[in-house]
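Chains as they are written, first to last, in my numbering: chain A, 114 to 323; chain B, 114 to 323.
Working notes, beginning with the structure itself.
Number of protein chains: 2
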Amino acid sequence: MKTRDRILRTSLALFNEEGEAAQSAVDIANALEMSPGNLYYHFKGKDAIIRALYDGFEHEMRIILRGTRGKITSIEDNWIYNYIILEEIFDFRFFYRNLGELLARYPDLAMRFRTLLAQKRRTITDLLHDLKKSNVLFLDPPMQEVLTDQILSAMTFWLSMDLIEGQHGEPAALIHKTVFQIMALVAPHMGESGFSAMQAMTAYYETQTG
Amino acid sequence: MKTRDRILRTSLALFNEEGEAAQSAVDIANALEMSPGNLYYHFKGKDAIIRALYDGFEHEMRIILRGTRGKITSIEDNWIYNYIILEEIFDFRFFYRNLGELLARYPDLAMRFRTLLAQKRRTITDLLHDLKKSNVLFLDPPMQEVLTDQILSAMTFWLSMDLIEGQHGEPAALIHKTVFQIMALVAPHMGESGFSAMQAMTAYYETQTG
């Protein structure tokens, strides 16, 4: 692995496990058994590392958001797709846990995050549209707008909520719970098949979380 | 008005309008046309003001959360009650807009906020229970838990979402939109009457927000 990638991977692990605020560039260098000077040769401080990590997250998320067009035509597809998005967000959890503060500290990232949210909103809109066309979902336009807001908000703040409530659940359980919550937003608009899908999901969810 | 109350009222207005981070104790004293020494006689710095504002918010919110027991038995009651809660939160919006950062800075407030969230969760649970007993709402226990999480999360992060999306909508419109979103979470579980209530709310919402 190239040194630059090794620095990014270790920084991300430290930020996610110990919190970003608690880590200095020197801490990162120590964790890598590297001199601060060598670290500085690759990244001019912690800010540059955070921006590079954001680059990586944004790149992955854009691929995920683009990759669905016309492909989500069933409840099951939608379910799996939610896992993919939430797992990507979970990989970058130090950022989402402390979203307001980090966006205030990095106005350039706040601009980019806003653009990414807008793209996520378009993907959700397209996805609901596809599910309607496949006769899986039944929604009038005002309700579709509300549902889009609800899904976007749930996907954005699940890690903040977990942090504020101080539960720090086991990661897989937290992702399951959040996917279940998002599916539970959509299912009531899926008619009879939504009802039975929710029952199957409830059963699955209970085996996963005890 | 007593000087202490005047300081709190002016500080809250400044924090809400200009953002808390941008205001120092000296700015607050200037806005009050008061010497910093006189301000210091009442509050030992900005931290003490923020804690006193939180005391007031917590006190009001506890009254609101306690005041409903057994009284919310219709869709309309629930709708009005959501307005009352969101308007209280809106009065304290500087805090909610910057929730993660403020809770990290004041661990004592983070503890109290967590307790308040738990109380809010109990109130939502009781409220859904009452609506079920009145045959307005139809939910199995796992779905009720999910719905409780969804409502709690929507009530906690609506101001953060508005800030992050950079929309800064007109306050009344933002409150309307959020109440509508919360009612839209509940209505699909209200059978036929939920459907017609949502239509009435949609019509009302559209007259309020254009």
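Backbone N, C-alpha and C define an ideal beta-carbon position, used for all residues, glycine too.
**Prompt:** Which residues of chain A have a Cβ atom closer than 9 Å to the Cβ of B/I277, listed in chain order?
**Reply:** Here residue 277 of chain B is taken as the residue at index 164 of the second sequence, counted from 1. Going along chain A in sequence order, the residues near B/I277 (Cβ under 9 Å) are L212, G213, L216, A223, F226, R227, L230 and T269.
**Asked** If you run the structure through DSSP and keep just helix, strand and coil, what is B/K245?
**Response** Within the second sequence, numbered from 1, the residue matching residue 245 of chain B stands at position 132. Helix at B/K245.
**Prompt:** Using CA coordinates, which residue listed in A/I120, A/T116, A/I193 and A/E133 is at the minimum distance from A/D218?
**Reply:** Here residue 218 of chain A refers to the residue found at position 105 of the first sequence. Checking the sequence shown, residue 218 of chain A turns out to be Arg, not Asp. When each option's Cα is compared against that of A/R218, the closest is A/E133.
**Message:** Can you check which of these residues, A/F203, A/A165, A/K157 and A/L250, is closest to A/V299 by C-alpha distance?
**Reply:** On the first sequence, residue 299 of chain A is found 186 positions in, with the first residue counted as 1. If we check each option's Cα against that of A/V299, A/L250 comes out closest.
**Request:** For the stretch 235 to 268 of chain B, enumerate the residues whose C-beta is nearer than 9 Å to any C-beta of chain A, in chain order.
**Result:** D253, P255, M256, V259, L260, D262, Q263, L265, S266 and A267
**Asked** To the nearest angstrom, how far is it from the Cα of A/E189 to the Cα of A/G304?
**Response** Mapped onto the first sequence, residue 189 of chain A falls at position 76. Mapped onto the first sequence, residue 304 of chain A falls at position 191. Looking at the two C-alpha atoms, the distance is approximately 15 Å.
**Request:** Give the single residue among B/Y209, B/D243, B/M256 and B/G213 whose Cα lies nearest to the Cα of B/N129.
**Result:** Along the second sequence, read from residue 1 onward, the residue named residue 129 of chain B stands at position 16. Ranking B/Y209, B/D243, B/M256 and B/G213 by Cα distance to B/N129 puts B/Y209 first.
**Any chain A beta carbon closer than 8 Å to B/P284** = One-based indexing of the second sequence puts residue 284 of chain B at position 171. With 8 Å as the cut-off, B/P284 does not count as an interface residue toward chain A.
**Asked** Is it right to say B/R182 is buried, meaning 16 or more other beta carbons lie within 10 angstroms of its own, or is it exposed?
**Response** Reading the second sequence from its first residue, position 69 is the one you call residue 182 of chain B. Looking at its Cβ environment, which holds fewer than 16 other Cβ atoms inside 10 Å, B/R182 is exposed.
**Prompt:** Taking the continuous alpha helix (DSSP H) assigned at A/Y209, which residues delimit it?
**Reply:** Here residue 209 of chain A refers to the residue found at position 96 when the first sequence is read from its first residue. A/Y209 -> alpha helix (DSSP H) spans R206 to R210.
**Request:** Taking B/H172 as part of the alpha helix (DSSP H), name the residues at either end of that continuous run.
**Result:** The residue you call residue 172 of chain B lines up with position 59 of the second sequence. Segment K159 to R179, the alpha helix (DSSP H) holding B/H172.
**Message:** Strictly below 8 Å CB to CB, what residues from chain B border A/L298?
**Reply:** As a working mapping, residue 298 of chain A is identified with position 185 in the first sequence. Residues of chain B passing the Cβ test: Q263 and L298.
**Prompt:** Applying a beta-carbon distance threshold of less than 7 Å, which residues of chain A neighbour B/F308?
**Reply:** For the purposes of this step, residue 308 of chain B is taken as residue 195 along the second sequence, with counting starting at 1. The premise fails here: B/F308 is roughly 10 Å from chain A at the closest Cβ pair, so nothing lies under 7 Å.
**Message:** Looking at chain B, is there any beta carbon in it that lies within less than 8 Å of the beta carbon of A/S137?
**Reply:** On the first sequence, residue 137 of chain A is found 24 positions in, with the first residue counted as 1. For A/S137, the answer is no, since every Cβ of chain B falls outside 8 Å of its Cβ.
**Asked** With 16 other CB atoms within 10 Å as the buried threshold, where does B/Q280 fall?
**Response** Indexing the second sequence from 1 puts residue 280 of chain B at position 167. Flag for B/Q280 reads exposed.
**Prompt:** Nearest to B/L276 by alpha carbon, out of A/T238, A/Q257, A/R119 and A/R227?
**Reply:** Here residue 276 of chain B refers to the residue found at position 163 when the second sequence is read from its first residue. Of the candidates A/T238, A/Q257, A/R119 and A/R227, the one whose C-alpha sits nearest the C-alpha of B/L276 is A/R227.
**Item:** A/G150 classed as buried or exposed, judged by whether at least 16 other C-beta atoms fall within 10 angstroms
**Value:** Counting from 1 along the first sequence, the entry for residue 150 of chain A is found at position 37. By the neighbour-count rule (16 or more Cβ atoms within 10 Å), A/G150 is not buried but exposed.
**Asked** Nearest to A/R117 by CA position, among A/E131, A/E146, A/A135 and A/H155, is which residue?
**Response** The sequence position of residue 117 of chain A within the first sequence is 4, counting from 1. Of A/E131, A/E146, A/A135 and A/H155, the residue nearest in Cα terms is A/H155.
**Request:** Throw me the rounded Cβ distance for the B/L222 and B/L215 pair, which I believe falls under 8 Å.
**Result:** By 1-based counting over the second sequence, the position of residue 222 of chain B is 109. By 1-based counting over the second sequence, the position of residue 215 of chain B is 102. That pair is a contact at about 7 Å.
**Request:** Report yes if the CB atom of A/L241 is closer than 8 Å to the CB atom of A/L272, and no otherwise.
**Result:** Position 128 of the first sequence, counted from the start, is the residue given in the question as residue 241 of chain A. Position 159 of the first sequence, counted from the start, is the residue given in the question as residue 272 of chain A. Going by C-beta atoms, A/L241 is not nearer than 8 Å to A/L272.
**Message:** I'd like to know if B/P301 contacts chain A, where contact means its C-beta is closer than 8 Å to some C-beta of that chain.
**Reply:** In the second sequence, residue 301 of chain B corresponds to position 188, counting from 1. Yes, contact with chain A.
**Item:** Rounded C-alpha distance that separates A/L252 from B/Q312
**Value:** Mapped onto the first sequence, residue 252 of chain A falls at position 139. Mapped onto the second sequence, residue 312 of chain B falls at position 199. Cα-Cα distance, rounded: 12 Å.
**Message:** Mapping the DSSP letters down to three states, classify A/F308 as helix, strand or coil.
**Reply:** Reading the first sequence from its first residue, position 195 is the one you call residue 308 of chain A. DSSP places A/F308 in helix when its eight states are reduced to three.
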